[in-house]
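Colleague: Dropping the structure in here first, questions after.
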Amino acid sequence: MNQLTDILFSEVNLTLTLLLILLLVYWIITMIGGLDFDLDLDVDIDVDVSADIDLDAGIEGGNLDFEDISNTEINQDDVLGKRRRPLKWWQIFLIYFNFVGLPFMFTFTCWIFVWWLMTTLLTTITFTYENYIGFIIMLAAFFPALFINKLFTTPFKAFFKQLNKDGDAPVDFLGRQATLLSNITEDKMGNAEVKADGNSHSIYVKSLDRKPLTYGSSVLIIKRSADHTYFLVQSYNQ
């Protein structure tokens, strides 16, 4: 037992072990308390896609937070069918390694676990968990862990695609009234708040007829986009 503790909390493995413990605590608190600790970083992502980039799917542009990245599904037809600016390298990285298309914290946790497991096993077998060779092994395992994690998490896409970002059955928003949380016009995407089943939900919306819609105005949700990433709305006059 003491030897196992020495390995897990050795100089080489300490960082990944502590990070994995923090992630386990995160999931325990989330499951028990039902709290939402998803990262909410205001990242303005230019996700315009070039027609010559062959990805598994495509995302629409707009102001997306970090949690929204994790729930955006990429559609190949949308990518290859439109002329757009190329993706940035870090956007391709997130998409390719399933940080897009799956809940971010789920993919991140799986990746840290795979990286930690590889590092721990290799440094234990080679007895390098307390010297500089162990650090080389840890750094060298960074990218192999990403590829293994991609293979591991890909089958979960079909499962999470059937759920909304809170893990519940999808809510039918069509025909409901919503309140705009931003100005939208033409092809610009914005946010709207809609109440359904006693809860408030934030959704991405575009103007159905491309007419300007102002912040705070009431809109009617008409239809969902083909890639299921946003809704088309029009002005709602009571």
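With my numbering, letter number 170 in the sequence shown gets 424, and the count goes up by one each step, no holes. Every residue, glycine too, gets a C-beta built ideally from N, C-alpha and C.
#1: Per DSSP, residue 215 is paired with what?
#2: Comparing alpha-carbon positions, which option in 471, 392 and 413 lies nearest residue 372?
#3: Roughly how many angstroms lie between the CA atoms of residue 485 and residue 427, to the nearest whole one?
#4: What does DSSP give as the partner residues of residue 383 in its beta bridges?
#5: Within 10 angstroms of its Cβ, does residue 469 collect 16 or more other Cβ (buried), or is it exposed?
#6: Could you name the residues of the same chain whose beta carbon sits closer than 7 Å to that of residue 407, not counting the 5 residues immediately before and after it, in chain order?
#7: For the region 270-280 against the region 397-414, do three or more pairs of beta-carbon atoms, one drawn from each stretch, fall closer than 8 Å, so that the two count as touching?
#8: Enumerate, from N- to C-terminal direction, the unbroken beta strand (DSSP E) stretches of 3 or more residues contained entirely within the region 405-455.
#9: Which residue or residues does DSSP assign as beta-bridge partners of residue 461?
#10: Quick one: what's got a C-beta closer than 7 Å to residue 367's C-beta in the same chain, skipping five residues either side?
#11: Expressed to the nearest angstrom, what Euclidean distance is found between the alpha-carbon atoms of residue 481 and residue 487?
#12: For residue 321 and residue 284, I'd like the C-alpha separation in whole angstroms.
#13: Quick check: the region 438-445 against the region 383-391, are at least 3 beta-carbon pairs closer than 8 Å?
Modeller: Quick look at the numbers:
#1: No answer is possible for residue 215: it lies beyond the span of the chain, which begins at 255 and ends at 492.
#2: A check of alpha carbon separations from residue 372 across 471, 392 and 413 identifies 392 as the nearest.
#3: If you take the alpha carbons of residue 485 and residue 427, they lie about 9 Å apart.
#4: DSSP lists no partner for residue 383.
#5: Residue 469 comes out exposed.
#6: In its chain, beyond the 5 residues on either side, 352, 356, 361 and 364 have a beta carbon closer than 7 Å to the beta carbon of residue 407.
#7: With the cut-off at 8 Å, the region 270-280 and the region 397-414 do not touch.
#8: Taking only runs of at least 3 residues, the beta strand (DSSP E) segments lying wholly in the region 405-455 are 431-434 and 444-450.
#9: DSSP lists 487 as partners of residue 461.
#10: For residue 367, same chain residues with a beta-carbon under 7 Å away, outside a window of 5 residues either side, are 274 in chain order.
#11: Their backbone Cα atoms lie some 16 Å apart in a straight line.
#12: With a pLDDT of only 39 at residue 321, under 50, the local geometry of the prediction cannot be trusted, and the value read off the model is given with reservation. Note on geometry: alpha-carbon atoms of residue 321 and residue 284 lie some 15 Å from one another.
#13: Judged by Cβ distances under 8 Å, the region 383-391 makes no contact with the region 438-445, as fewer than three pairs qualify.
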